[in-house]
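Residues 67 to 237 in our numbering are what the sequence shown lists, from first letter to last.
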Amino acid sequence: YAYLADGSGGVRVLDISGLPDYVNPQTMVEVGSVSGSPVVDSLAVGVNSAGTVVYTIESSGVLVAVDVSTPSMPSVLGQSAAGGGNCKSLQTQGNYVFACCDAGVRVFDVTTPTSISELSSISVQAGASCLDIELDSSSSILYYAESGSSKLIHAYSVATPSSPVFKSTYT
């Protein structure tokens, strides 16, 4: 299955078992979706999966956990408090979700998807915003690109997600 963040359409579950079928691209079929509050309080902008739970980050900064154990009937498990505003992407590692938002990177504990909590955050420089993040799971290094006049890429160790440790900056 593939999971798609579809803006005001919420989260869509697609059966892609027929891909790649380059002759007949209609083999990708929507089998389920979830939308409405809290999934579309604002724009769903990024989805990553961890097992049978999909996490979507709303542009308002609300992280939503969606149960996709029955792909045809996805349902909301829980959500975080709002904050961080205008979130663009996310990455997952184990029981943690890392979200790229205007104010910086937000780190969530999703050990219990019905009770999501924010553990820590990494702030961007004044006048900048987080553009995108990548997570190297093997080394627990999180990279994020920052807008602004310097257009920097920062690296942080997230081996202890509650206390990210700065490693370096690339210009």
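Note that CB positions come from ideal geometry on N, CA and C, so glycine has one too.
- With 16 or more other Cβ atoms from the protein chains shown falling within 10 Å of its own Cβ, S146 counts as buried.
- Look at K154 here: in three-state DSSP terms it is strand.
- Across the set A68, T178 and C166, the C-alpha of C166 shows the shortest separation from the C-alpha of V128.
- Nearest Cα to S103 within the set D133, Y69 and V142: V142.
- Per the C-alpha coordinates, the member of G193, P137, V176 and S216 positioned closest to I123 is V176.
- Residue nearest to P230 within the set S189, S216 and L197 is S189 (criterion: CA-CA distance).
- Look at Y236 here: in three-state DSSP terms it is strand.
- Burial is judged here by how many other beta carbons sit within 10 angstroms of a residue's own beta carbon; A225 has fewer than 16 and is exposed.
- Each of V130, G214, T118 and I82 was checked against the Cα of S155, and the nearest Cα belongs to V130.
- Each residue's CA atom was taken as its position, placing I219 and G149 some 23 angstroms apart.
- If you ignore the 5 residues before and after Y162, its C-beta comes within less than 7 angstroms of the C-beta of V173, F174, D175, V176 and P227, all in its own chain and listed in chain order.
- Residue range V77 to D81 is occupied by the beta strand (DSSP E) that includes V77.
- For L85, the three-state secondary structure derived from DSSP is coil.
- Beta-bridge pairing by DSSP links A68 to L80.
- Assigned with DSSP and collapsed to three states, S216 falls in coil, not helix or strand.
- Here L80 really is in contact with V95; their C-beta atoms are around 7 angstroms apart, less than 8 angstroms.
- In this structure, R78 lies near L70, with their beta-carbon atoms less than 8 angstroms apart.
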